[in-house]
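Colleague: Shown below is the structure under consideration.
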Amino acid sequence: MKAVENAVTLLLSMVCVVFRAIGLTLLRQLVALLLYTTTLP
Numbered sequence: 176m177k178a179v180e181n182a183v184t185l186l187l188s189m190v191c192v193v194f195r196a197i198g199l200t201l202l203r204q205l206v207a208l209l210l211y212t213t214t215l216p
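Next up, the structure:
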């Protein structure tokens, strides 16, 4: 059963990394959009 626990842990950590990368990208795009809209006349 130890192999199953290791696989689940690895899967969860991979999911966390993917979500973090997606979140950072969305956050960066949101900031860029805000800066763009505020610099418009």
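Taking the working numbering, I'd label the letters of the sequence shown as residues 176 to 216. Yeah, the Cβ is synthetic: ideal placement off N, Cα and C, and Gly gets one too.
(1) Identify the continuous alpha helix (DSSP H) that holds M189 and give its terminal residues.
(2) L186 to V179, Cα distance in whole Å?
(3) Ordered along the chain, which non-local residues of its own chain (more than five positions away) have a Cβ less than 6 Å from that of A182?
Modeller: Quick look at the numbers:
(1) 177-214
(2) 11 Å
(3) none
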